[in-house]
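Read through the structure below, which is laid out as structure tokens, and then see the notes.
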Amino acid sequence: MMGAHLGVITCDKCGEPMKQEQNILVVAEGTITKSGDELDFQGSCVRYACHLSCWDGVEEKLGERA
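Residues 18 to 83, numbered by my numbering, are exactly what the sequence shown covers, in order.
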């Protein structure tokens with residue numbers, strides 16, 4: 018389980034508020050503090066947050082680079 022406190026409450030994709038019990042996707046920047054069979058992560062900031070239903074995926078953007 019992971020937790021975060023977001024200062025901006027709107028979806029970065031559609032601009033609508035993100036509300037309690039909605040599924041969201043968060044992209045965070047940070048550092049791996051321990052590695053092995055599992056990774057420990059220390060986050061420094063959230064780069065992107067949106068409703069899960071708004072997420073259009075990374076695959077599309079990665080495909081444009083090829």
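For glycine and all other residues, C-beta sits at the position ideal for the given N, C-alpha and C.
Where S52 falls: helix, strand or coil (DSSP)
Looking at S52 - three-state DSSP - the assignment turns out to be coil, as it is neither helix nor strand.
On the CB-based measure, 16 or more other CB atoms within 10 Å of its CB, does H68 come out buried or exposed?
Around the beta carbon of H68, 16 or more other beta carbons lie within 10 angstroms, which makes this residue buried.
Apply the 10 Å Cβ neighbour rule to A21 and answer buried if 16 or more other Cβ atoms are within range, or exposed otherwise.
Its Cβ having fewer than 16 others within 10 Å, A21 is exposed.
Per-residue burial, M19 [other beta carbons within 10 Å of its own, 16 or more giving buried]
Per the 10 Å Cβ criterion, exposed.
K78 by DSSP, collapsed to three states: which one?
In this prediction, K78 scores a pLDDT of 49, lower than 50, which makes its location untrustworthy; no coordinate-derived value is stated.
Endpoints, the beta strand (DSSP E) within which C60 is located:
Sequence check: residue 60 is Gly here, not Cys. Residue range 57 to 68 is occupied by the beta strand (DSSP E) that includes G60.
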